[in-house]
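Visitor:
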Amino acid sequence: MKNCKKFEKQLTAYLNGELSESAFQTLEKHLNSCISCREELELQRSTLHLLGATLEAAPAPEELTAWRKSRVRKPVHKSTLADFWYSPQTRAALITAAACSLFVVLSLSFVMVTVVKKEDVRFEPKEVAEHNIAFEAKSVPVLRQTAAAMRPKEDFYGFVAPKPAPAGKAYASKSSGSMLPNKRVFDAEQYDMIVENVFKTALENPLSTFSIDVDRAAYANVRRFLTQDQLPPMDAVRIEEMVNYFDYDYPQPAGEDPFVVSMEVADCPWNPGNQLALIGLQGLEIETEDLPPNNLVFLLDVSGSMNDSDKLPLLQSAMKLLVNQLRPEDRVSIVVYAGAAGLVLEPTADKGRILDAVKRLNAGGSTAGGAGIELAYKIAKQEFIPDGNNRVILATDGDFNVGASSDGDLVRLIEEKRDSGIYLTVLGFGTGNYKDSKMEKLADSGYGNYAYIDDILEAKKVLVKEMGGTLVTIAKDVKVQVEFNPSRVKGYRLIGYENRMLAAADFNDDLKDAGELGAGHTVTALYELIPAGSEMDIPMAGELKYQATRVLESDELMTVKLRYKKPDENESKLITRAVAVNEIQSLESGGNIGFASAVAEFGMLLRGSEFKGNSSYDDILRRAKAAKGSDDEGYRAEFIRLVEKAQLLDQ
Numbered sequence: 001m002k003n004c005k006k007f008e009k010q011l012t013a014y015l016n017g018e019l020s021e022s023a024f025q026t027l028e029k030h031l032n033s034c035i036s037c038r039e040e041l042e043l044q045r046s047t048l049h050l051l052g053a054t055l056e057a058a059p060a061p062e063e064l065t066a067w068r069k070s071r072v073r074k075p076v077h078k079s080t081l082a083d084f085w086y087s088p089q090t091r092a093a094l095i096t097a098a099a100c101s102l103f104v105v106l107s108l109s110f111v112m113v114t115v116v117k118k119e120d121v122r123f124e125p126k127e128v129a130e131h132n133i134a135f136e137a138k139s140v141p142v143l144r145q146t147a148a149a150m151r152p153k154e155d156f157y158g159f160v161a162p163k164p165a166p167a168g169k170a171y172a173s174k175s176s177g178s179m180l181p182n183k184r185v186f187d188a189e190q191y192d193m194i195v196e197n198v199f200k201t202a203l204e205n206p207l208s209t210f211s212i213d214v215d216r217a218a219y220a221n222v223r224r225f226l227t228q229d230q231l232p233p234m235d236a237v238r239i240e241e242m243v244n245y246f247d248y249d250y251p252q253p254a255g256e257d258p259f260v261v262s263m264e265v266a267d268c269p270w271n272p273g274n275q276l277a278l279i280g281l282q283g284l285e286i287e288t289e290d291l292p293p294n295n296l297v298f299l300l301d302v303s304g305s306m307n308d309s310d311k312l313p314l315l316q317s318a319m320k321l322l323v324n325q326l327r328p329e330d331r332v333s334i335v336v337y338a339g340a341a342g343l344v345l346e347p348t349a350d351k352g353r354i355l356d357a358v359k360r361l362n363a364g365g366s367t368a369g370g371a372g373i374e375l376a377y378k379i380a381k382q383e384f385i386p387d388g389n390n391r392v393i394l395a396t397d398g399d400f401n402v403g404a405s406s407d408g409d410l411v412r413l414i415e416e417k418r419d420s421g422i423y424l425t426v427l428g429f430g431t432g433n434y435k436d437s438k439m440e441k442l443a444d445s446g447y448g449n450y451a452y453i454d455d456i457l458e459a460k461k462v463l464v465k466e467m468g469g470t471l472v473t474i475a476k477d478v479k480v481q482v483e484f485n486p487s488r489v490k491g492y493r494l495i496g497y498e499n500r501m502l503a504a505a506d507f508n509d510d511l512k513d514a515g516e517l518g519a520g521h522t523v524t525a526l527y528e529l530i531p532a533g534s535e536m537d538i539p540m541a542g543e544l545k546y547q548a549t550r551v552l553e554s555d556e557l558m559t560v561k562l563r564y565k566k567p568d569e570n571e572s573k574l575i576t577r578a579v580a581v582n583e584i585q586s587l588e589s590g591g592n593i594g595f596a597s598a599v600a601e602f603g604m605l606l607r608g609s610e611f612k613g614n615s616s617y618d619d620i621l622r623r624a625k626a627a628k629g630s631d632d633e634g635y636r637a638e639f640i641r642l643v644e645k646a647q648l649l650d651q
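In terms of the working numbering, the sequence shown opens at residue 1 and continues consecutively.
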């Protein structure tokens, strides 16, 4: 590449951890897209490793030790031969010379070097009217076998970056304070900071309003960390997405509304004396053969950052699963983007052509995400199916670095496209440089949903088992507003949904966007309630001079209101449901609230929440096992295993 010489000069400093933060990040981005520099770094790293194993550190000479201990300050110091010999510059030069000599000897010993060549595959994208973008996807050359053989399997680019973990990114054992084993470099991953919801008084703040969230990405991402023997960073733990990962035993809607509302109230397991209230939504399930025709435009990231086994190869396997579920009336297009964006598969229902195009994908280059989004929506609009499911499916690690790449630019771009009746699904892949914060914003802004694919089983869950919910929207702009009765509830706290909170006035404003509900999807929200008469303190603003609040007596605990719009309408419909005080049940009696509360409590422990109260892994396991149910797919059993692993890691 053009700037390789500049970066090659920084490789030694990079391995020694001597680069500044900005220089480190710039070099990492370059290494992400330049295989020659990665190869050179591999060789330098291997050389230093062999040199370190060969040369033993010599103890400091007595003269030098005595000189360092004396710390005698003299007006004038005359240079001696010992000063020259023990100077850092001289020792560095000698070590470098020794390294070069050793490298020459090793190079001569590796005479037989097998070079694996791969045939370049080129895509000839079809030109699209008014979009003059040329695209060519090339295969990435394979590294020399000698370098690959010396690469530790757990390294990310073939090396372990020496960069110290920034604040909030070190995943340490609580008992020892030592770092847990880092099998990959996670410092480049990005998560938005979560500020937990606090307790509010029902007297001063009787209304709680939020948008629903059907995303499940956080749970799969947390599972990825725990599977790799890591406790996740706290901002990767979005509790509502962990709770919503699981199906619950809610009834199917029987009326004209596309979903039904369920309510459960029980005692709070981690704060004795408090209560938990569950609000559950169950979307109408639609059989695959009854789904509307699909106009799907796959927008696939084939940049250099996707050149890992858990990225592009996993994406290709996931796409094969989805393609095999498509029907003759469904059409698929494929847009790819790296340094530029291009159409590599025009709209077709031919599964053979689709699978062949998927098979020929290769990763390489920078990431022009903005241009890819523009082109994908253009194709989706050209192929628009009235009364059909028109959707762009973006698959990426979120590492956009060319064109519109900032969160703000990309969100504005998506917001411009969403009113065209084209929805967005975001599928996240990979580790190390994963940009969770960016992808969540895109999905939220594009009338869509967001899932993280950490393995082929998760791909099957998202794209096969939950295909209807992933691809078909049955209700949009779904908002929830709860009014608490101050005579029965002293205070309340919504668990999770921090980035989905709305102002009270937004509930009745049909111009205010909210979340979408897919076919068959469930949404679960939990409130922790402080009963009236409790001695627990909640900060209050105090008495008002010009207003007086009068509380009406009622046996109702709270009233739940929902608003939603049908996918092709712009006027919302209201649903109201009151909850009586006598509806409180015991956690031991089973029900959905038993398992949902276990997942929420697990999330609070992983986050180190200040509201976790008496939470413990043992209580979570006991309650989760009791509420496991039939668990035909094994998701709840897997949750129990993850809790057991987290308990071992969090010592």
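All residues carry an ideal CB built from backbone N, CA and C; glycine is no exception. As the structure is a prediction and not an experimental result, all values here were calculated from the model.
Do residue 478 and residue 515 have their C-beta atoms closer together than 8 Å?
Guide: yes
Visitor: Whether or not the region 320–337 and the region 277–297 are in contact is what I'm after, with contact meaning three or more pairs of Cβ atoms, one per stretch, closer than 8 Å; do they touch?
Guide: yes
Visitor: Are at least three pairs of beta-carbons, each pair with one atom in the region 449–461 and one in the region 416–433, less than 8 Å apart?
Guide: yes
Visitor: Of the residues 38, 249 and 531, which one's Cα is nearest the Cα of residue 628?
Guide: Of the listed residues, the one whose Cα sits closest to residue 628 is 249.
Visitor: Measuring alpha carbon to alpha carbon, tell me which residue in 614, 189, 530 and 624 is nearest residue 235.
Guide: 189
Visitor: Using 10 angstroms around the beta-carbon of residue 6, count the other beta-carbons present and answer buried if the total reaches 16, otherwise exposed.
Guide: exposed
Visitor: If you follow the beta strand (DSSP E) that residue 262 is part of, which residue opens it and which one closes it?
Guide: 259–267
Visitor: What do you get for residue 239, buried or exposed, if any count of 16 or more other CB atoms within 10 angstroms of its CB means buried?
Guide: With 16 or more Cβ atoms within 10 Å of its Cβ, residue 239 is classed as buried.
Visitor: Would you list the residues sitting across from residue 531 in a DSSP beta bridge?
Guide: 489
Visitor: Assuming residue 489 and residue 540 make a contact with CB atoms under 8 Å, what is their CB distance in whole Å?
Guide: With 8 Å as the limit, residue 489 and residue 540 do not qualify as a contact, their Cβ atoms being about 14 Å apart.
Visitor: Can you look up residue 395 in the DSSP assignment and give me helix, strand or coil?
Guide: strand
Visitor: Is residue 346 helix, strand or coil by DSSP?
Guide: strand
Visitor: Just the C-alpha distance for residue 196 and residue 413, rounded to the nearest angstrom, thanks.
Guide: 29 Å
Visitor: By Cβ distance, which residues of its chain are closer than 6 Å to residue 201, with the 5 residues on each side in sequence left out?
Guide: 491, 538 and 540
Visitor: For the alpha helix (DSSP H) containing residue 225, list its first residue and its last residue.
Guide: 217–227
Visitor: Inspect the CB distances between the region 385–393 and the region 350–358 and report whether three or more fall short of 8 Å.
Guide: no
Visitor: Looking at C-alpha atoms only, which residue of 353, 281, 375 and 595 is the closest neighbour of residue 342?
Guide: If you compare the alpha carbons of 353, 281, 375 and 595 with that of residue 342, the shortest gap goes to 375.
Visitor: Could you tell me the boundaries of the beta strand (DSSP E) in which residue 423 lies?
Guide: 423–428
Visitor: Here's a check: name, in chain order, each residue in its chain whose Cβ is nearer than 6 Å to the Cβ of residue 448, leaving out the five neighbours to either side.
Guide: 423, 424 and 425
Visitor: For residue 191, count neighbouring Cβ atoms within 10 angstroms of its own Cβ and tell me buried if that reaches 16, exposed if not.
Guide: buried
Visitor: In terms of alpha-carbon separation, which member of 282, 458 and 33 lies closest to residue 525?
Guide: Minimum Cα distance to residue 525 is reached at 282.
Visitor: Give me, in chain order, the residues of the same chain whose beta-carbon lies closer than 6 Å to that of residue 567; leave out the 5 immediate sequence neighbours on both sides.
Guide: 473 and 476
Visitor: In the DSSP assignment, find the alpha helix (DSSP H) that holds residue 666 and state where it starts and stops.
Guide: Residue 666 lies beyond the stretch modelled for the chain, which goes from 1 to 651, so this question has no answer here.
Visitor: Please go through the region 412–467 and give each complete beta strand (DSSP E) segment of 3 or more residues, from N-terminal end onward.
Guide: 423–428 and 449–452
Visitor: Taking buried to mean at least 16 other C-beta atoms within 10 Å of its own C-beta, is residue 4 buried or exposed?
Guide: Label assigned to residue 4: exposed.
Visitor: So what does DSSP say about residue 20, is it helix, strand or coil?
Guide: coil
Visitor: Could you name the residues of the same chain whose beta carbon sits closer than 6 Å to that of residue 614, not counting the 5 residues immediately before and after it, in chain order?
Guide: 270
Visitor: Do residue 579 and residue 556 come within 8 Å of each other at the CB atom, strictly closer than that value?
Guide: A distance below 8 Å separates the beta carbons of residue 556 and residue 579.
Visitor: Going by the beta-carbon positions, is the gap between residue 598 and residue 637 smaller than 8 Å?
Guide: no
Visitor: Grouping DSSP H, G and I as helix and E and B as strand, with all else coil, what is residue 617?
Guide: For residue 617, the three-state secondary structure derived from DSSP is helix.
Visitor: Measure the alpha-carbon distance for residue 549 versus residue 585 and round it to whole angstroms.
Guide: If I take the Cα positions, the gap works out to 31 Å.
Visitor: Can you look up residue 660 in the DSSP assignment and give me helix, strand or coil?
Guide: This structure leaves residue 660 out entirely; the chain is present only between 1 and 651.
Visitor: Mind checking whether residue 266 and residue 593 have CB atoms under 8 Å apart?
Guide: yes
Visitor: Ordered along the chain, which non-local residues of its own chain (more than five positions away) have a Cβ less than 6 Å from that of residue 75?
Guide: Note on residue 75: pLDDT 45, under 50, position unreliable in the model; the coordinate value appears next. Within the same chain, residue 75 has no close Cβ partners at all.
Visitor: With respect to the alpha helix (DSSP H) encompassing residue 356, which residues constitute its N-terminal and C-terminal limits?
Guide: 351–359
Visitor: The alpha helix (DSSP H) with residue 295 in it runs from where to where?
Guide: Element bounds for residue 295: not the alpha helix (DSSP H) but the beta strand (DSSP E), 294–301.
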